[in-house]
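K.L.:
Right, I'll just put the structure down here and ask away after.
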Amino acid sequence: MFSSEIRLPGLSSPWQRFSSLLKDSLGLSLSQLSSGFNLESPVSCFLHPLSSVSPHSLASIRGLFPSPLPPLCSEKPHEEYFENLLPVKNVAGFPKWGRSSRTTSSHSSMRCQAWLRTAVAGLVLTHQLYSGLTASETGRVEEGWDLWDLLEVGVDVQKQDDWQGLNGHKEKEHLNRRDCNILTMSQPASQKKPPSASLNGRRALPPNFSNAEEDEVPEMEVTGLMPKGFNLKDYLQVVNVNMLSSNQEINKQQHHTDRYYNPKLIVRRGQPYHIQIEFTRPYKPEKDILWLEYIIGRYPQVNKGTYIQIPLVEELKSGAWGAKVMQKEGNSVNLSIMSAPDCIVGKFRLYVAVWTPSGIIRTKRNSATDTYILFNPWCQEDSVFLDDEKEREEYVLNDVGVIFYGDINDIKTRSWNYGQFEEGLLDACLTIMDRAQLDLSGRSNPIKISRVASAMINARDDEGVLAGSWDNIYAYGVPPSAWTGSVDIILEYHSSASPVRYGQCWVFAGVFNTFLRCLGIPGRIITNYSSAHDNNANLQLDIFMDEEGIVDHKLTKDSVWNYHCWNEAWMSRPDLPVGFGGWQAVDGTPQETSDGMYRCGPASVQAVKHGHVCFQFDAAFVFAEVNSDVVYSKTMKNGTRVIEQIDTTHIGKLIVTKDIGSDRMKDITEQYKFREGTDEERLALETALMYGIKKEAMQDSVHLPQSDVDMDFEVENAVLGSDFKVTITFRNSGHSRHTATAYLSGNIVFYTGVKKNEFKSQSFDVILEPSSSKVEEVLIRSSDYINQLLDQASLHFFITARLNETKKILAKQKTSVLDIPKLHLKVQGEKVVGKEMSVTVEFTNVVKQKLKNVSIRLDGPGILKTALKTFKEIPENSTLTWEEKCIPRRAGLRKLIASLTCDTLRHVYVFLFLLKLLLISINFNRLQFTEICIHLPDLRWPEGDGIKEIPGFITNLSYGC
Numbered sequence: 001m002f003s004s005e006i007r008l009p010g011l012s013s014p015w016q017r018f019s020s021l022l023k024d025s026l027g028l029s030l031s032q033l034s035s036g037f038n039l040e041s042p043v044s045c046f047l048h049p050l051s052s053v054s055p056h057s058l059a060s061i062r063g064l065f066p067s068p069l070p071p072l073c074s075e076k077p078h079e080e081y082f083e084n085l086l087p088v089k090n091v092a093g094f095p096k097w098g099r100s101s102r103t104t105s106s107h108s109s110m111r112c113q114a115w116l117r118t119a120v121a122g123l124v125l126t127h128q129l130y131s132g133l134t135a136s137e138t139g140r141v142e143e144g145w146d147l148w149d150l151l152e153v154g155v156d157v158q159k160q161d162d163w164q165g166l167n168g169h170k171e172k173e174h175l176n177r178r179d180c181n182i183l184t185m186s187q188p189a190s191q192k193k194p195p196s197a198s199l200n201g202r203r204a205l206p207p208n209f210s211n212a213e214e215d216e217v218p219e220m221e222v223t224g225l226m227p228k229g230f231n232l233k234d235y236l237q238v239v240n241v242n243m244l245s246s247n248q249e250i251n252k253q254q255h256h257t258d259r260y261y262n263p264k265l266i267v268r269r270g271q272p273y274h275i276q277i278e279f280t281r282p283y284k285p286e287k288d289i290l291w292l293e294y295i296i297g298r299y300p301q302v303n304k305g306t307y308i309q310i311p312l313v314e315e316l317k318s319g320a321w322g323a324k325v326m327q328k329e330g331n332s333v334n335l336s337i338m339s340a341p342d343c344i345v346g347k348f349r350l351y352v353a354v355w356t357p358s359g360i361i362r363t364k365r366n367s368a369t370d371t372y373i374l375f376n377p378w379c380q381e382d383s384v385f386l387d388d389e390k391e392r393e394e395y396v397l398n399d400v401g402v403i404f405y406g407d408i409n410d411i412k413t414r415s416w417n418y419g420q421f422e423e424g425l426l427d428a429c430l431t432i433m434d435r436a437q438l439d440l441s442g443r444s445n446p447i448k449i450s451r452v453a454s455a456m457i458n459a460r461d462d463e464g465v466l467a468g469s470w471d472n473i474y475a476y477g478v479p480p481s482a483w484t485g486s487v488d489i490i491l492e493y494h495s496s497a498s499p500v501r502y503g504q505c506w507v508f509a510g511v512f513n514t515f516l517r518c519l520g521i522p523g524r525i526i527t528n529y530s531s532a533h534d535n536n537a538n539l540q541l542d543i544f545m546d547e548e549g550i551v552d553h554k555l556t557k558d559s560v561w562n563y564h565c566w567n568e569a570w571m572s573r574p575d576l577p578v579g580f581g582g583w584q585a586v587d588g589t590p591q592e593t594s595d596g597m598y599r600c601g602p603a604s605v606q607a608v609k610h611g612h613v614c615f616q617f618d619a620a621f622v623f624a625e626v627n628s629d630v631v632y633s634k635t636m637k638n639g640t641r642v643i644e645q646i647d648t649t650h651i652g653k654l655i656v657t658k659d660i661g662s663d664r665m666k667d668i669t670e671q672y673k674f675r676e677g678t679d680e681e682r683l684a685l686e687t688a689l690m691y692g693i694k695k696e697a698m699q700d701s702v703h704l705p706q707s708d709v710d711m712d713f714e715v716e717n718a719v720l721g722s723d724f725k726v727t728i729t730f731r732n733s734g735h736s737r738h739t740a741t742a743y744l745s746g747n748i749v750f751y752t753g754v755k756k757n758e759f760k761s762q763s764f765d766v767i768l769e770p771s772s773s774k775v776e777e778v779l780i781r782s783s784d785y786i787n788q789l790l791d792q793a794s795l796h797f798f799i800t801a802r803l804n805e806t807k808k809i810l811a812k813q814k815t816s817v818l819d820i821p822k823l824h825l826k827v828q829g830e831k832v833v834g835k836e837m838s839v840t841v842e843f844t845n846v847v848k849q850k851l852k853n854v855s856i857r858l859d860g861p862g863i864l865k866t867a868l869k870t871f872k873e874i875p876e877n878s879t880l881t882w883e884e885k886c887i888p889r890r891a892g893l894r895k896l897i898a899s900l901t902c903d904t905l906r907h908v909y910v911f912l913f914l915l916k917l918l919l920i921s922i923n924f925n926r927l928q929f930t931e932i933c934i935h936l937p938d939l940r941w942p943e944g945d946g947i948k949e950i951p952g953f954i955t956n957l958s959y960g961c
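Quick note on numbering: UniProt numbering labels position 884 of the sequence shown as 884, and the sequence is numbered without any gaps.
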């Protein structure tokens, strides 16, 4: 039997003191408390009881302790701790915890004894396990461990059936709480099994990064001895758990999750919600002890937030888990549950646990009680809290948006269906984190989630959602310009587990925005016109030319994108100094690697604006995108480089996003940078250069002074397939006559600024008289470019002029985007939810050639599912018509979106606002108090026993019965 002379390693107090305290308090000896366990040998006592102990019950038992156990190696006497735990009699005669703040007035003396049996048995087992270690093995246990740490490892390893002696570790390998494999100590080395593949020798448990996987949780978990005559029917049993999860019930309405097409309960963390539990008999709080358990993933642990025990409390406290009985009616109980504002975001499994003297009775696994917990921008304690209701409506709840693209001189828009509430999207977004192998314990942090997602949205190095393509070849997938929304992309990735082809920056941004809003993180899409791609991280764009002023494409690696789209996510940044929270730039487009992966952000927009590029993550790269200088250098034949010109205003000319509540463009340039030319803007640049990794300027570089001759040019707006002119203006502000040799290079480019080929090359001489101007025009014919165009019909012009007298080179570059023919949408029929209507798509081919392999995509969130139609060809000057039937299923402001793509044309879009109809409450069979707001005239409701037709001029109408 257990010897009172055995001492805990590192402690001076014997267990005899503990035994006497138990006997004085309860009249029970240690042997009585631990009866039923074979304590003769460490091995038998370890194997026998732990075979019926699971991490779930261990966490439940541990949760009853009011404070943590002293560390094994501490000098604090254990008996002082246990003395504080022992029940004593209070004035009312009820047992309570000695010096602890936790009262147990509802606990019976029998429960205290049964609980102590379980707790002491666990402590005895742990002691026996620990005492079986050799002196050298004991010395490798990290300081700060307590008895529970050792017992947890023992339980987990027993459940894994993964046994390996500590002697199997290398002598010098450090053993700590996280990186430990504790197994039996008595087996001969030859009989020990090798570690399983799931364990890597560094951790006691495999990593837990799958929301979908789950462990089996026992319905009956024995934690004590079975009393004579024990009958489960004598104790409270759960008949049904009603999650109140329909879209019309209070939970989803109050948590702003009623738009999700998902029958299960979806709530936001840090905010109370309600469930109803039905028992076999009325619930009696003075007799019945129950609690709720939320479990996510496998290997649940309290300290990692993957196992949550929710006690019944008298009052809910903000910031902590708890459940309060709101109403008792017959055998049913209504509970209000408060979740922690920093809990894991994902899908939890719910169990109701009832305590009995012999163990814990749990409800069966029921997928209908699964609960999705999301971020909560409405909760002040949540790290994504956003205090403006209009912004929450726009950046969290709006499922259709606008993306700006084109060129600074020709800004274009396209609508995008985010579809974050569509069926299957929420599970698909959780799967993205699973495939990123983001540990579940890290999914409470929007910083970690957004950084991992920025890598997973692209498939460059991790088999993520979207494969990018910028080579204009899309034979094995969908051209990026054909997508109208994120839903098809994410659902296809979810079902196929393979990257979807293809995407470019606005597609990556659209999908990323869907991911953020679906999980509850406020998100928006940003477009930066004249966006720099700094390849060598020197915070400037280097354009290298030869002595004739022609760009050397072998040396020039940096590029200027016509535009670039990324995302912003709203969150606090406790990892940065105060003031750098709020909007964070995150980018899923694979441009450069960050910490070994193609990802970017989250980078504080405030840090970017002030040049604090030392703050994580990737602030320097974002700063270069919006505020770097373009440096034009000339390489001489002797190897020296001459800096001919520095353009401080070309990059980041305009930074925009969608305005709140409309499709208008909102200029947010000054959120990223101070106004060009101001002292603050130059100070931010100097700060960035000080903190950033700026390369040393070459000693043989020379910066020539500015000339009194200036040059600029304009490109005439033109429709694809037409001729247009490039007008170059020279100005001589000096008193000397100059001659110049000018060179125009017209290039077909990708919108990223990368050259495909040159379609126009022309040289001409210019004579500039003192204090005069000279204008030259170059004609660009459609035949020069029509057969070489890429996706977005982008033409890049680079003009240089060498002054013959001073050898000074002038340089200017601009991009022009040709106007593309548009689609047209028409709607016929009643614009009524539940009534059939038809949508007609029309397109007229005004291009001076036949269009082949035409594909049209039609999308309308809440109106119709994505439809696709293909046509073999469209002759010149002919019109294509396609009609599609649909039945709208959601009221409100709805939008139809269509796109056309073919071998010759891409980025052909159109969108149409269908109707704006707000329905608060209507029952056509039996009218309730109803309010209807109609914003478009002549809208009809489905025929019923109530309203037949409502004129459009009526704005408020109430009925009652």
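The C-beta atom is built at its ideal place from N, Cα and C for all residues, glycine as well.
Computed from a predicted structure; not experimentally measured.
Using 10 angstroms around the beta-carbon of Phe348, count the other beta-carbons present and answer buried if the total reaches 16, otherwise exposed.
P.N.:
Here residue 348 refers to the residue found at position 348 of the sequence shown. Classification for Phe348: buried.
K.L.:
Quick one: residues in its chain with C-beta nearer than 7 angstroms to the C-beta of Thr881, no 5 flanking neighbours on either side, listed in chain order?
P.N.:
Position 881 of the sequence shown, counting from 1, holds the residue named residue 881. Within the same chain, Thr881 has close Cβ partners Thr840 and Glu842.
K.L.:
Alpha carbon to alpha carbon, how far is Leu896 from Val217?
P.N.:
Along the sequence shown, read from residue 1 onward, the residue named residue 896 stands at position 896. Along the sequence shown, read from residue 1 onward, the residue named residue 217 stands at position 217. If you take the alpha carbons of Leu896 and Val217, they lie about 47 angstroms apart.
K.L.:
Along the chain, where does the beta strand (DSSP E) that runs through Asn562 open and close?
P.N.:
As a working mapping, residue 562 is identified with position 562 in the sequence shown. Counting along the chain, the beta strand (DSSP E) containing Asn562 begins and ends at Ser559 to Met571.
K.L.:
Return the first residue and the last residue of the alpha helix (DSSP H) that Gly510 is part of.
P.N.:
Sequence index remark: in the sequence shown, residue 510 carries index 510 (1-based). For Gly510, the enclosing alpha helix (DSSP H) has its first and last residue at Cys505 to Leu519.
K.L.:
Taking the C-alpha atoms as reference points, what is the distance between Trp321 and Gly753?
P.N.:
Taking the sequence shown and counting its residues from 1, the one referred to as residue 321 is at position 321. Taking the sequence shown and counting its residues from 1, the one referred to as residue 753 is at position 753. Trp321 and Gly753: Cα-Cα distance of roughly 53 angstroms.
K.L.:
What is the DSSP secondary structure of Phe623, counted as helix, strand or coil?
P.N.:
In the sequence shown, residue 623 corresponds to position 623, counting from 1. Three-state DSSP puts Phe623 in a helix.
K.L.:
Can you list, in chain order, the residues of its chain with a C-beta nearer than 8 angstroms to that of Ile310? Leave out the 5 residues immediately preceding and following it.
P.N.:
Translated into positions along the sequence shown, residue 310 becomes position 310. Hits under 8 angstroms: Trp291, Leu292, Glu293, Tyr294, Trp321, Gly322, Ala323 and Ile337.
K.L.:
Beta-carbon separation of Phe730 and Leu768 under 7 angstroms?
P.N.:
On the sequence shown, position 730 is the one that residue 730 refers to. On the sequence shown, position 768 is the one that residue 768 refers to. In contact: Phe730 and Leu768 (Cβ atoms closer than 7 angstroms).
K.L.:
Report the three-state DSSP secondary structure of Lys324 (helix, strand or coil).
P.N.:
Numbered from 1 along the sequence shown, position 324 holds the residue referred to as residue 324. Residue state, collapsed to three classes: strand.
K.L.:
By the 10 Å Cβ neighbour count, where 16 or more other Cβ atoms means buried, how is Glu40 classified, buried or exposed?
P.N.:
Residue numbering aside, residue 40 sits at position 40 when the sequence shown is read from its first letter. Since pLDDT at Glu40 reaches only 36, below the 50 mark, its modelled position is unreliable, and no value is offered.
K.L.:
Starting from the C-beta of Lys850, find all residues in its chain whose C-beta is less than 8 angstroms away, skip the five residues before and the five after it, and write them out in chain order.
P.N.:
In the sequence shown, the residue the question calls residue 850 occupies position 850. The answer, listed in chain order, is Glu873, Ile874, Pro875 and Glu876.
K.L.:
Between Thr640 and Thr556, what straight-line distance do the alpha-carbon atoms span, to the nearest angstrom?
P.N.:
Locating residue 640 in the sequence shown gives position 640, counting from the first residue. Locating residue 556 in the sequence shown gives position 556, counting from the first residue. Roughly 16 angstroms between the two C-alpha positions.
K.L.:
Taking the C-alpha atoms as reference points, what is the distance between Trp470 and Met837?
P.N.:
Your numbering for residue 470 matches position 470 in the sequence shown. Your numbering for residue 837 matches position 837 in the sequence shown. Roughly 38 angstroms separates the two Cα atoms.
K.L.:
Here's the rule I'm using: 16 or more other beta-carbon atoms within 10 Å means buried, otherwise exposed. How should Phe764 be labelled?
P.N.:
In the sequence shown, counting from the first residue as 1, residue 764 sits at position 764. Exposed, because fewer than 16 other Cβ atoms sit within 10 Å of the Cβ of Phe764.
K.L.:
Are the beta-carbon atoms belonging to Val715 and Val726 less than 7 angstroms from one another?
P.N.:
For this step, residue 715 is matched to residue 715 along the sequence shown. For this step, residue 726 is matched to residue 726 along the sequence shown. Yes, they are a contact pair.
K.L.:
Assuming Ala619 and Val630 make a contact with CB atoms under 8 angstroms, what is their CB distance in whole Å?
P.N.:
Residue numbering aside, residue 619 sits at position 619 when the sequence shown is read from its first letter. Residue numbering aside, residue 630 sits at position 630 when the sequence shown is read from its first letter. Actually they do not touch by this definition, with Cβ atoms about 20 angstroms apart.
K.L.:
When DSSP labels each residue in this structure, what does Pro311 get in the three-state scheme?
P.N.:
Counting from 1 along the sequence shown, the entry for residue 311 is found at position 311. If DSSP states are grouped into helix, strand and coil, Pro311 belongs with the strands.
K.L.:
Give the DSSP-derived three-state secondary structure of Ala801 in the structure shown.
P.N.:
Residue mapping note: residue 801 aligns to position 801 of the sequence shown, counting from 1. Correct three-state label for Ala801: strand.
K.L.:
Within 10 angstroms of its Cβ, does Leu129 collect 16 or more other Cβ (buried), or is it exposed?
P.N.:
Indexing the sequence shown from 1 puts residue 129 at position 129. Residue placement at Leu129 is flagged as unreliable, the pLDDT there being 46, under the threshold of 50; the coordinate-derived value follows with that caveat. Its Cβ being crowded by 16 or more others within 10 Å, Leu129 is buried.
K.L.:
Evaluate the contact criterion for the region 544-552 versus the region 790-808: three or more CB pairs, one atom per stretch, below 8 angstroms.
P.N.:
yes
K.L.:
Smallest Cα separation from Arg517: which of Asp234, Glu492, Gln380 and Asn567?
P.N.:
The count along the sequence shown starts at 1 and reaches residue 517 at position 517. With distances taken between Cα atoms, Arg517 lies closest to Asn567.
K.L.:
Taking a contact to mean a Cβ-Cβ separation below 7 angstroms, would you say Gly346 touches Asn211 in this structure?
P.N.:
Locating residue 346 in the sequence shown gives position 346, where the first residue counts as 1. Locating residue 211 in the sequence shown gives position 211, where the first residue counts as 1. Contact: yes.
K.L.:
Suppose the cutoff is 6 angstroms on Cβ atoms and the five residues either side in sequence are ignored; what does the same chain contact list for Asn717 look like?
P.N.:
As a working note, residue 717 is residue 717 in the sequence shown. Cβ within range, chain order: n/a, list empty.
K.L.:
If you pair each beta-carbon of the region 591-602 with each one of the region 675-689, do three or more pairs fall below 8 angstroms?
P.N.:
no
K.L.:
So Ser486 and Gly419 are in contact, right, with Cβ under 8 angstroms, and what is the actual spacing, rounded?
P.N.:
The residue given as residue 486 occupies position 486 in the sequence shown. The residue given as residue 419 occupies position 419 in the sequence shown. That pair is a contact at about 6 angstroms.
K.L.:
Could you tell me how far apart the beta carbons of Ala467 and Tyr502 are, in whole angstroms, since I believe they sit closer than 8 angstroms?
P.N.:
By 1-based counting over the sequence shown, the position of residue 467 is 467. By 1-based counting over the sequence shown, the position of residue 502 is 502. Confirmed, Cβ separation roughly 6 angstroms.
K.L.:
Considering just the uninterrupted stretch of the alpha helix (DSSP H) at Arg524, what are its terminal residues?
P.N.:
Stepping through the sequence shown from its first residue, residue 524 is reached at position 524. Note, Arg524: premise wrong, no alpha helix (DSSP H); beta strand (DSSP E) at Gly523 to His533.
K.L.:
Just checking, does the region 903-911 make contact with the region 814-830 on the three C-beta pairs under 8 angstroms criterion?
P.N.:
The region 903-911 is in contact with the region 814-830.
K.L.:
Is DSSP giving Met690 helix, strand or coil here?
P.N.:
In the sequence shown, residue 690 corresponds to position 690, counting from 1. Looking at Met690 - three-state DSSP - the assignment turns out to be helix.
K.L.:
Out of Glu214, Arg435 and Ser245, which one is the CA nearest neighbour of Gln301?
P.N.:
Taking the sequence shown and counting its residues from 1, one reaches residue 301 at position 301. Measuring from the Cα of Gln301, the nearest candidate turns out to be Glu214.
K.L.:
Please list, in chain order, all residues of the same chain as Gln254 whose beta carbon is under 8 angstroms from its beta carbon, the five residues on each side excluded.
P.N.:
Stepping through the sequence shown from its first residue, residue 254 is reached at position 254. These residues qualify, in order along the chain: Gln271 and Tyr273.
K.L.:
Could you have a look at Tyr909 and say whether DSSP puts it in helix, strand or coil?
P.N.:
Within the sequence shown, residue 909 is the residue found at index 909, counting from 1. If DSSP states are grouped into helix, strand and coil, Tyr909 belongs with the strands.
K.L.:
Once the 5 residues before and after Lys170 are set aside, which same chain residues still bring their CB inside 7 angstroms of it?
P.N.:
Position 170 of the sequence shown, counting from 1, holds the residue named residue 170. Interpretation of Lys170 is limited by its pLDDT of 30, a score under 50 that renders its predicted location unreliable; no figure is taken from the coordinates.
K.L.:
On the criterion of 16 or more Cβ atoms from any shown chain inside 10 Å, does Val578 qualify as buried, or is it exposed?
P.N.:
The residue given as residue 578 occupies position 578 in the sequence shown. Exposed, because fewer than 16 other Cβ atoms sit within 10 Å of the Cβ of Val578.
K.L.:
Apart from the five residues on each side of it in sequence, which residues of its chain come closer than 6 angstroms, Cβ to Cβ, to Asp708?
P.N.:
Locating residue 708 in the sequence shown gives position 708, counting from the first residue. Excluding positions up to five away in sequence, the list reads Ser733 and Gly734.
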